[in-house]
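Residue numbers (our numbering): 9 to 484. Every residue gets a Cβ at the ideal spot worked out from N, C-alpha and C, and that includes glycine.
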Ligand code: ADP
């Protein structure tokens with residue numbers, strides 16, 4: 009079939025509008041689609057009672073330098089489609105061809121290269137690594153490229169400057185506003201200069217001014233830097249900048265709208281710092297924004313964040329795309345879409361079967377660690393109730409129990425005095441009377457200066473573990 013009749017076939021199959029993309033009209037050179045999706049179906053839990061057809065035959069094309077949006081209600085398949093284009097999900101049927109190469113035929117090395125160099129992913133606001141500085145976060149993907157420190161730094165600083173973040177390079181993400189954090193996320197997505205930016209509900213957690221700012225940045229990347237932007241939203245107010253809007257419903261594209269009013273000329277607007285004074289955590293913002301959320305909803309919303317924290321805990325030596333893959337699957341596990349065995353299997357099986365190709369022992373270790381932390385979080389929940397209502401003796405028992413969990417991987421032996429100090433720190437943290445930072449510095453401080461006298465590494469490890477379990481317990 010020649011390429012024209014092939015294209016017509018696709019248009020017929022998917023009911024797409026026959027109008028050409030504005031970008032294709034405008035720019036005659038770019039006739040070849042950059043992204044070509046053919047008859048794509050994604051079925052989760054195939055053949056099981058909970059089978060779920062997330063995509064039911066999607067075909068589309070996206071041209072170089074286009075700005076497209078997948079738009080539709082929650083659950084219509086937008087993220088699945090984006091994950092397919094990112095190579096994080098394997099189609100059940102059909103194909104995704106990017107720049108003339110079929111994604112599911114990639115070896116894992118090719119996939120790593122593709123993900124690293126050709127795709128920049130921007131997710132919701134809280135996707136930065138909390139223990140790395142802003143500059144460290146931006147240049148993280150460069151580490152996998154084995155570039156020199158100096159070169160990484162230069163590229164990182166250039167990007168911080170581009171997004172008005174140059175003064176914040178040494179800060180930690182938690183010291184930034186949501187809008188600033190999202191600009192860091194975009195800078196990170198651009199660090200390897202990819203042709204395609206995938207933005208999955210990139211402004212979903214931001215207040216309207218910060219959201220506008222981020223949308224304008226994406227627009228500038230499209231208009232000035234010639235990036236192809238593929239964005240996902242359920243908010244009709246965000247459709248303005250797109251060249252084309254793919255309306256989705258129940259796993260299908262039901263309409264393709266061409267945005268004739270798109271304003272290509274932009275009023276330049278420097279990064280807004282209006283929200284800079286607010287230094288609340290993402291969780292605080294979330295709870296403030298949705299005071300009526302039930303624990304269950306909250307859990308669903310923070311699952312991606314939990315997945316990031318768990319992944320960070322499990323590994324820091326993987327390729328970037330592997331980390332993204334792991335995060336996605338741990339997120340599925342947190343949302344109950346995978347069970348323990350399912351998680352282990354998907355980590356173990358080969359890439360062309362939609363897996364991560366880990367060796368079975370590592371896959372087992374990962375899934376066990378995840379389950380172990382869930383289990384510990386459940387125990388913590390029970391003990392926390394005791395701390396609030398129990399007798400003194402029961403409280404001491406509860407704290408001891410948590411301490412045992414925290415010291416599980418600790419090889420050394422603590423003196424009785426240090427143990428008592430550690431218990432006190434744990435109890436205060438569990439009752440929210442001290443912050444994470446205060447706990448860590450209390451554990452780290454010498455015993456004769458009123459601290460618990462642990463060595464710095466142990467203090468940090470114990471604090472990290474306790475916070476992780478607290479986070480996992482949150483919303484359950
Ligand atoms: P959207 O991004 O539009 O909210 P998604 O692509 O996330 O939609 O999901 C489409 C459908 O597929 C939903 O019904 C969702 O619950 C389901 N789904 C998504 N991922 C999985 C998964 N890993 N396992 C089972 N079902 C899934």
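* Leaving out five residues before and five after residue 335 in sequence, what residues of the same chain have Cβ atoms less than 7 Å from its Cβ? -> Within the chain shown, residue 335 is the residue found at index 327, counting from 1. 315, 316 and 319.
* **Among 193, 381 and 172, the one whose alpha carbon lies nearest that of residue 131** => As a working note, residue 131 is residue 123 in the chain shown. Looking at the Cα atoms, 193 is the closest of the given residues.
* Looking at C-alpha atoms only, which residue of 439, 456, 457 and 465 is the closest neighbour of residue 448? -> Position 440 of the chain shown, counted from the first residue, corresponds to residue 448. Closest by alpha carbon: 465.
* Beta-carbon proximity list for residue 458, same chain, < 7 Å, skipping 5 on both sides -> Within the chain shown, the letter at position 450 stands for residue 458. Nothing meets the Cβ criterion.
* Asked: Whose CB is closer than 5 Å to a heavy atom of the ligand ADP? List the residues in chain order.
  -> 52, 60, 62, 82, 83, 84, 85, 86, 87, 88, 340 and 345
* In chain order, what residues of the same chain lie with their CB nearer than 8 Å to the CB of residue 277, ignoring the 5 residues before and after it? -> On the chain shown, residue 277 is found 269 positions in, with the first residue counted as 1. Below a pLDDT of 50, predicted positions are generally treated as unreliable, and residue 277, at 36, falls in that range; the measurement from the model is reported next regardless. Taken in chain order, the residues that qualify are 221 and 224.
* Compute the beta-carbon to beta-carbon distance between residue 451 and residue 470, rounded to the nearest angstrom, for a pair I have assumed lies under 8 Å. => In the chain shown, the residue the question calls residue 451 occupies position 443. In the chain shown, the residue the question calls residue 470 occupies position 462. Right, their Cβ atoms sit about 6 Å apart.
* Could you spell out the range, first to last residue, of the alpha helix (DSSP H) harbouring residue 393? => In the chain shown, the residue the question calls residue 393 occupies position 385. First-last of the alpha helix (DSSP H) with residue 393: 368-397.
* **Nearest to residue 311 (by Cα), restricted to the options 338, 331 and 333** => Taking the chain shown and counting its residues from 1, the one referred to as residue 311 is at position 303. The shortest C-alpha separation from residue 311 is found at 338.
* Bounding residues of the beta strand (DSSP E) (the contiguous stretch that carries residue 485) -> Any property of residue 485 remains undetermined from this structure, which presents the chain solely from 9 to 484.
* **Inside the segment 133-210 only - beta strand (DSSP E) runs reaching at least 3 residues** => 204-208
* Identify which residue in 79, 55 and 48 has its Cα closest to the Cα of residue 68. => Position 60 of the chain shown, counting from 1, holds the residue named residue 68. Answer by Cα proximity: 48.
* To do: Can you have a look at residue 437 and say buried or exposed, based on whether 16 or more other CB atoms are within 10 angstroms of its CB?
  => Position 429 of the chain shown holds residue 437. The residue is buried, with at least 16 neighbouring Cβ atoms inside 10 Å.
* Asked: Between which two residues does the alpha helix (DSSP H) containing residue 242 stretch?
  -> Within the chain shown, residue 242 is the residue found at index 234, counting from 1. Run containing residue 242: none; DSSP gives neither H nor E here.
* Given a threshold of 16 other Cβ atoms within 10 Å of its Cβ, counted over all protein chains shown, does residue 397 qualify as buried or as exposed? -> Within the chain shown, residue 397 is the residue found at index 389, counting from 1. By the neighbour-count rule (16 or more Cβ atoms within 10 Å), residue 397 is not buried but exposed.
* To do: Measure the alpha-carbon distance for residue 218 versus residue 171 and round it to whole angstroms.
  => Your numbering for residue 218 matches position 210 in the chain shown. Your numbering for residue 171 matches position 163 in the chain shown. Residue 218 and residue 171: Cα-Cα distance of roughly 13 Å.
* To do: Using three-state DSSP, classify residue 98 as helix, strand or coil.
  => Locating residue 98 in the chain shown gives position 90, counting from the first residue. In this structure, residue 98 counts as coil in the three-state DSSP scheme.
* Would you check if the segment 233-242 and the segment 204-212 touch, i.e. whether three or more CB-CB distances between them fall below 8 Å? => yes
* To do: Give the secondary structure of residue 213 by DSSP, where H, G and I count as helix, E and B as strand, and everything else as coil.
  => The residue you call residue 213 lines up with position 205 of the chain shown. Looking at residue 213 - three-state DSSP - the assignment turns out to be coil, as it is neither helix nor strand.
* State the beta-bridge partners of residue 60 as determined by DSSP. => Walking along the chain shown from the start, residue 60 turns up at place 52. Residue 60 pairs with 52.
* Using a Cβ-Cβ cut-off of 7 Å (strictly less than) and excluding sequence neighbours within five positions of residue 420, which residues of its own chain qualify? -> Here the question's residue 420 lines up with position 412 in the chain shown. Closer than 7 Å at the Cβ level, and outside the excluded window around residue 420, lies no residue.
* **Residue(s) in a DSSP beta bridge with residue 310** => Start at 1 with the first residue of the chain shown, and residue 310 comes out as number 302. Residue 310 pairs with nothing; no bridge assigned.
* To do: Find out if the Cβ-Cβ distance for the pair residue 341, residue 351 is shorter than 8 Å.
  => Taking the first residue of the chain shown as 1, we reach residue 341 at position 333. Taking the first residue of the chain shown as 1, we reach residue 351 at position 343. Taking 8 Å as the Cβ cut-off, residue 341 and residue 351 qualify as a contacting pair.
* Touching by the beta-carbon criterion (3+ pairs, under 8 Å), the segment 133-144 and the segment 188-203 -> yes
* What does residue 255 pair with, by DSSP beta-bridge criteria? -> Here the question's residue 255 lines up with position 247 in the chain shown. According to DSSP, residue 255 bridges with 79 and 263.
* To do: Taking residue 74 as the reference, give the member of 226, 473 and 89 with the closest Cα.
  => Within the chain shown, numbered from 1, the residue matching residue 74 stands at position 66. Residue 226 is the option with its Cα nearest to residue 74.
* Would you call residue 412 buried or exposed, if buried means 16 or more other Cβ atoms sit within 10 Å of its Cβ? -> As a working note, residue 412 is residue 404 in the chain shown. Counting Cβ neighbours within 10 Å, residue 412 comes out exposed, since fewer than 16 surround it.
* DSSP state of residue 74, grouped into three classes? -> For the purposes of this step, residue 74 is taken as residue 66 along the chain shown, with counting starting at 1. Residue 74 falls in the coil class under three-state DSSP.
* Residues that residue 127 bridges to, as DSSP identifies them -> As a position in the chain shown, residue 127 is number 119, starting the count at 1. Per DSSP, 204.
* Asked: So, helix, strand or coil for residue 218, using DSSP?
  -> Translated into the one-based positions of the chain shown, residue 218 becomes position 210. Helix, per DSSP.
* If we count the other Cβ atoms within 10 Å of its Cβ and call it buried at 16 or more, is residue 423 buried or exposed? -> As a first step, residue 423 must be located in the chain shown, where it is residue number 415. Its Cβ having fewer than 16 others within 10 Å, residue 423 is exposed.
* To do: Would you be able to state if there are at least three C-beta pairs under 8 Å between the segment 117-129 and the segment 95-104?
  => yes
* Asked: What are the start and end residues of the alpha helix (DSSP H) that includes residue 433?
  -> Here residue 433 refers to the residue found at position 425 of the chain shown. Element bounds for residue 433: 424-438.
* Own chain partners of residue 365 with C-beta closer than 8 Å, once the 5 adjacent residues on each side are dropped -> On the chain shown, residue 365 is found 357 positions in, with the first residue counted as 1. Within the same chain, residue 365 has close Cβ partners 116, 356, 357, 358 and 359.
* Asked: In the structure shown, what three-state DSSP assignment does residue 109 receive?
  -> Reading the chain shown from its first residue, position 101 is the one you call residue 109. Three-state DSSP puts residue 109 in a strand.
* residue 99 beta carbon less than 8 Å from that of residue 138 -> In the chain shown, counting from the first residue as 1, residue 138 sits at position 130. In the chain shown, counting from the first residue as 1, residue 99 sits at position 91. No; because the gap between Cβ atoms is not below 8 Å, this pair is not in contact.
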